[in-house]
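> In this text, residue positions in the sequence shown follow my numbering: the first is 8, and each later residue adds one.
The beta carbon of each residue, even a glycine, is placed where N, CA and C say it ideally should be.
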Amino acid sequence: MKYIERKKQILAYLNSTNGVGDIANMSKKLYVSRSTLRRDVIALEEEGIVKRHHGGISLIAPSSSENSISIRKMENIEKKIALTKRARTLLQDNMVIFLDSSSTVSLFIPYLKPFSKLTVITNGINIASRLNNYPNIKCYICPGILKSRSLSIIGEYASSFISNFRADIAFLSSKAITRQGIFEGDDSQALCKQEMIKNSYKSVLLLDNSKEFKEGYFKLADFADFDVIVSNGEFGSEIMAEIDRSNCKLLF
């Protein structure tokens with residue numbers, strides 16, 4: 008079993024036991040050796056997802072507004088990979104693009120490799136770090152305040168830096184989608200993303216359809232602010248009606 012699959016099983020087990028588990032029982036339930044399980048638990052603790060204690064582990068309670076990026080990367084990963092693969096059809100050589108710091112957008116990075124002379128502007132440390140391995144891509148990263156849980160750069164310096172560029176496409180994700188629009192769980196993140204939307208010729212929302220069951224308190228944008236929404240499938244009827252009404256194109 009791959010490491011990522013074991014981690015997903017560990018988190019699923021902890022979520023079913025009120026966030027607490029012991030190594031011995033987990034080893035039996037998950038059919039994983041204790042030594043392998045301990046290594047995975049250590050990795051999860053280093054990522055800030057769990058806390059180890061004598062004989063067991065417990066989930067670290069996430070922020071009510073924004074989860075650790077390590078947790079978000081593992082949520083609905085198959086759906087996210089499917090939609091990011093679809094989004095690559097929007098790319099061309101020589102483009103200038105904005106990429107936000109979201110876990111969904113980070114999964115989009117491998118699809119940039121075949122394109123030449125791309126320029127990326129991002130507020131994501133995780134995004135910039137991965138792009139360091141792509142010599143065909145010039146990457147600018149925003150200055151500002153580090154938000155460690157999401158590996159993001161935020162604040163007025165970040166927003167001001169973004170305003171200096173004009174991008175062909177902004178690729179963004181968000182925490183939630185409702186019939187009222189697109190929402191974030193963090194206002195400082197939303198303000199950076201709004202600046203990306205404002206300073207791009209085309210705005211693309213990468214969002215799996217489970218996000219219609221999530222909540223966010225800060226409105227990022229209306230449907231009409233996005234030219235394209237890329238998802239793994241259709242949303243509920245009310246959201247689909249709003250997408251149609253706004254002339255926003257849905258790709259899945």
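So, helix, strand or coil for Arg186, using DSSP?
Correct three-state label for Arg186: coil.
> How big is the Cα-Cα spacing for Lys200 and Leu179?
Approximately 7 Å between the Cα atoms of the pair.
> Whole angstroms is fine: what's the gap from Lys36's alpha carbon to Glu85's?
Distance between the alpha carbons of Lys36 and Glu85 is about 24 Å.
> Tell me the rounded alpha-carbon separation between Asn130 and Ser65.
If you take the alpha carbons of Asn130 and Ser65, they lie about 31 Å apart.
> Report buried or exposed for Gly162, applying the criterion of at least 16 other Cβ atoms within 10 angstroms of its Cβ.
Buried, because 16 or more other Cβ atoms sit within 10 Å of the Cβ of Gly162.
> Taking the CB atoms as reference points, tell me whether Leu198 and Ser166 lie closer together than 8 Å.
Yes, these two residues count as a Cβ contact at 8 Å.
> Per DSSP, what kind of secondary structure is Pro69 in: helix, strand or coil?
Legend: pLDDT at Pro69 = 47, less than 50; position of this residue unreliable, value from coordinates given subsequently. Looking at Pro69 - three-state DSSP - the assignment turns out to be coil, as it is neither helix nor strand.
> Which residues share a DSSP beta bridge with Cys146?
Note: Cys146 sits in a beta bridge opposite Val127.
> Helix, strand or coil for Phe233 per DSSP?
Three-state result, Phe233: coil.
> Which partner residues of Arg93 appear in the DSSP bridge assignment?
In the DSSP output, where bridge partners are listed per residue, Arg93 has none listed.
> If we cut at 8 Å on Cβ distances, does Glu12 have a partner in chain C?
This model lacks chain C altogether, as it is built from one protein chain only.
> My output table needs one value for Leu21: the three-state DSSP class, helix, strand or coil.
Three-state DSSP puts Leu21 in a helix.
> Scan the stretch 156-216 and note each continuous alpha helix (DSSP H) run of 4 residues or more that stays entirely inside, going in chain order.
Here the runs fully enclosed are 163-169, 194-205.
> For the stretch 166-177 against the stretch 132-139, do three or more pairs of beta-carbon atoms, one drawn from each stretch, fall closer than 8 Å, so that the two count as touching?
Too few Cβ pairs lie closer than 8 Å, so no.
> Given Ser71, which residues of its chain have a CB within under 6 Å of its CB, disregarding the five upstream and five downstream residues?
Residue placement at Ser71 is poorly supported in this model, since its pLDDT is 38, which falls under 50; the coordinates still yield a value, given next. For Ser71, where only same-chain residues beyond five positions count, there are no Cβ hits under 6 Å.
> So, with DSSP's three-state summary, where would you put Phe242?
It is coil, neither helix nor strand.
> Taking just the CA atoms, how far does Ser34 sit from Thr111?
Their backbone Cα atoms lie some 30 Å apart in a straight line.
> Ignore the nearest five residues each way along the sequence and tell me which others in Lys120's own chain have a CB closer than 7 Å to its CB.
Contacts found: Tyr141.
> For Glu30 and Leu227, I'd like the C-alpha separation in whole angstroms.
Just to set this straight, residue 30 is Ile in the shown sequence, not Glu. Taking the straight line joining both Cα atoms gives about 41 Å.
> For Leu21 and Asn101, what's the separation of their Cα atoms in angstroms?
Leu21 and Asn101: Cα-Cα distance of roughly 46 Å.
> Beta-carbon within less than 7 Å of Ile144's beta-carbon, same chain only, minus the 5 sequence neighbours each way: which residues are those?
Closer than 7 Å at the Cβ level, and outside the excluded window around Ile144, lie Leu119, Leu125, Val127, Leu138.
> Under 8 Å Cβ to Cβ from Phe2, same chain only, skipping five residues before and after it: list those, please.
Here the chain has residues from 8 to 259 only, and residue 2 is not among them.
> Going by alpha carbons, who is nearest to Glu245 out of Gln16, Ile184, Gly192?
Per the Cα distances, Ile184.
> CA-CA distance, Asn133 and Arg156?
Between Asn133 and Arg156, the C-alpha separation is close to 11 Å.
> At the level of alpha carbons, what is the spacing between Val27 and Arg59?
If I take the Cα positions, the gap works out to 10 Å.
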